[in-house]
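Protein chains in written order, with the numbering used here: chain A, 3 to 207; chain B, 805 to 1352.
Glycine is no exception: its CB is placed at the ideal position from the N, C-alpha and C atoms.
Below you'll find the structure, written out as structure tokens, and then a few comments.
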């Protein structure tokens, strides 16, 4: 895992981000701290690699949950750990429903925090790779015709030309033409390569 | 109403009756008016004066002009439809004067013919804010009354002379007088004021139906007998006296004096009733005094209700205050504890090998962490306690909550003479939340506005409370005053704890308001850059826990 996994700390209390940065540095992790949502969002927009974020639930301006709603649309691969100094259960429930990675109530055990960050970093790498594949797949699909997409879906399910032809009510010869076009358009050598490249994306469908 | 000696229906009798009735009507200490189809027919001088109209300006106008709100007008309309069964209406509500100012009035009314919707109704209106000036007004009224009587006596002599000369005109005059007498007779019979007339010797010679009703006496004889026995207490003197003695005490011996008392009387069923009693000498031969009884019981009860509401309000604020204080404390302590724990753990990680060589330092660091965790547990326990003792979330109709809260604050608003404008949007969705907490927010914002305006000596203090739908299924509630406003530089710091501009203030109110609104998933802010006054705006999601 040589890839850099960026850790963002977003909390309107500088005391909290300073303390957490120091804690992370002591286990050789670097974190980028922000005290408002906007600079964090613009920094993340300029970072293409995997990342995870620690967000305070209540901040002036955009709240933690609002930030999360924006991230779900832009960077769904970034795991989010919420911090809260209030005992608000409804917000916690809502954050978890939206797909938050974890929820910690201040004051929390630092060890627990470090474990949580490590899990989030591992997850960030997987989710990032998956997200890239998914984007690649979506982008590839847009290059294919409607019929070619139907053929591709059945190919990924492992169907032969004969079976695909029968399912789509066309001749196996026509299926072969589509196959060749698909491989050319998606710039892959053969069906096995195609399957390994798009399998993860397909699972999510 | 008749006269002590029943004379034949000749001119002098009609004259005298009319005099009494006119004097009662024109010089009454309370506003009296006749209405038909909810329009003013006749309005006495007191009522015109009270509401700031020119003499003769009100008759013909719709009653709507004196109600502050359309709801009041409609509500009284509905009550009047039930007159055939009750034929009695006593209530306190604000009336609006011609110049727009509000008066708190005690209003009593009845239909002269309860079963006839075309019937005239008679209303008595008392400006309660003017009660302290009542004595002065009585004296002035009495003076005026004497002048009027003098000038009318003179006029009557002239008229008599004219009558002798011109029979036709005499008859015309007589008819007019009888008509007038009838009018006042109807007034005295239907007016919701008790009236007692005594003769020159102080004997009671006449009581009106309202008086019979107040004291459950079917006729004059029963009343006279009862009055000799019935005990009542004069408020302020703590003296027990009989009703008869009270009437005597309120009968001044000379024309310029007005005697008045407030008395408490216990009805046969044991329920107490309060009356304001005022007597003036009637400057008519053979007659003594007119003593007027105004039923104050409803008003007293309203005061008692207000007192209970104030207690409830204080109790609710105490409960809410405690919870908010504890949760604010937990929040404030949570942040530094978190930072301390982070640093302590960081030290342990960084100095791992060195610490193993220094068991004493390792021990101290472990203890530091142990105590930090203990402090953290205290915070968590407080938070859990507050969460457990919070009332359950419920469906809240914000419009009803605003109305209810302003009712609770009526006393404070009235004392500070604040005019309240309500702008409640239609079709507001209900929201989920904690009623007592949201009520606390509104109480704090309104009381802050009252105090800010009072502190700045605002001449016509006004508060506007508005509730409206906002985008993304949220509701916006604003409290706006016309006080000195909040300086731009303080618009964030007023929400910090211990920030106050009030002498003796704790500086916790606005912080709690914000904590409460935020715990409902909403936001509370000061509207920036206002020319005058302060505007606090909270935005609440319909579903609690939704993002603001």
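- Among the CB atoms of chain B, none fall inside 7 Å of the CB of residue 58/A.
- Identification of residues in the stretch 96-110 of chain A having a C-beta nearer than 9 Å to some C-beta of chain B yields 96, 107, 108, 109, 110, given in sequence order.
- Bounds of the beta strand (DSSP E) holding residue 913/B are 906-915.
- For the pair residue 957/B and residue 838/B, the CB atoms are not nearer than the 7 Å cut-off.
- Counting along the chain, residue 180/A sits inside the alpha helix (DSSP H) bounded by residues 174-187.
- From the beta-carbon of residue 17/A, the residues of chain B found nearer than 7 Å are 1139, 1140, 1143.
- Each of 68/A, 149/A, 98/A, 10/A was checked against the Cα of residue 177/A, and the nearest Cα belongs to 149/A.
- For residue 828/B, the three-state secondary structure derived from DSSP is helix.
- For residue 54/A, the pairing in a beta bridge is given by DSSP as 9/A.
- Judged by DSSP in its simplified three-state form, residue 1109/B adopts helix.
- Residues 1215 of the same chain have their beta carbon placed closer than 6 Å to that of residue 1110/B, with the five preceding and five following residues left out of the count.
- Residue 1139/B sits close to residue 18/A, with the two beta carbons spaced by under 7 Å.
- Per DSSP, reduced to three states, the secondary structure at residue 40/A is helical.
- In this structure, residue 12/A lies away from residue 49/A, with their beta-carbon atoms at least 7 Å apart.
- Fewer than three pairs of CB atoms, one per stretch, sit closer than 8 Å, so the stretch 1188-1204 of chain B makes no contact with the stretch 1164-1174 of chain B.
- For a Cβ distance threshold of 7 Å, residue set 1146, 1149, 1150 of chain B lies close to residue 25/A, ordered along the chain.
- Sequence-distant Cβ neighbours of residue 1102/B in its own chain, meaning closer than 8 Å and more than five residues away, are 894, 895, 896, 910.
- For residue 167/A, same chain residues with a beta-carbon under 6 Å away, outside a window of 5 residues either side, are 173, 174, 177 in chain order.
- In the DSSP annotation of this structure, the continuous segment of the alpha helix (DSSP H) that includes residue 130/A starts and ends at 112-143.
- Using a Cβ-Cβ cut-off of 7 Å, residue 63/A does not count as an interface residue toward chain B, since no Cβ of chain B sits closer than that to its own.
- In this structure, residue 1205/B lies away from residue 1279/B, with their beta-carbon atoms at least 7 Å apart.
- DSSP places residue 1126/B within a helical segment (H, G or I) once states are collapsed to three.
- Cβ contact annotation for residue 1066/B (same chain, cutoff 8 Å, sequence separation greater than five): 1038, 1039, 1040, 1078, 1079, 1080, 1081, 1100, in chain order.
- For residue 1251/B, the enclosing alpha helix (DSSP H) has its first and last residue at 1239-1259.
- Residue state for residue 1220/B is assigned as coil, using DSSP reduced to three classes.
- Residue 1323/B: member of the alpha helix (DSSP H) spanning 1313-1323, first to last residue.
- For residue 87/A, the chain B residues whose C-beta falls within less than 7 Å of its own C-beta are 1135, 1138, 1139, listed in chain order.
- Among the CB atoms of chain A, one or more fall inside 7 Å of the CB of residue 1153/B.
- A buried status is given to residue 23/A, since no fewer than 16 other beta-carbon atoms sit within 10 Å of its beta-carbon.
- Residue 1126/B is classed as exposed because its beta carbon has fewer than 16 other beta carbons within 10 Å across all chains shown.
- In chain A, no part has a C-beta under 9 Å from the C-beta of residue 1292/B; the shortest such distance is about 16 Å.
- Annotated as distal: residue 10/A and residue 27/A, with beta-carbon spacing of 7 Å or more.
- Close to chain A, meaning a Cβ-Cβ distance shorter than 7 Å, are the following residues of the stretch 1172-1186 of chain B: 1180, 1183.
- Around the CB of residue 1141/B, 16 or more other CB atoms lie within 10 Å, so the residue is classed as buried.
- Straight-line measurement puts the Cα of residue 96/A at about 53 Å from the Cα of residue 901/B.
- Annotation for residue 1026/B: the continuous alpha helix (DSSP H) segment containing it runs 1024-1033.
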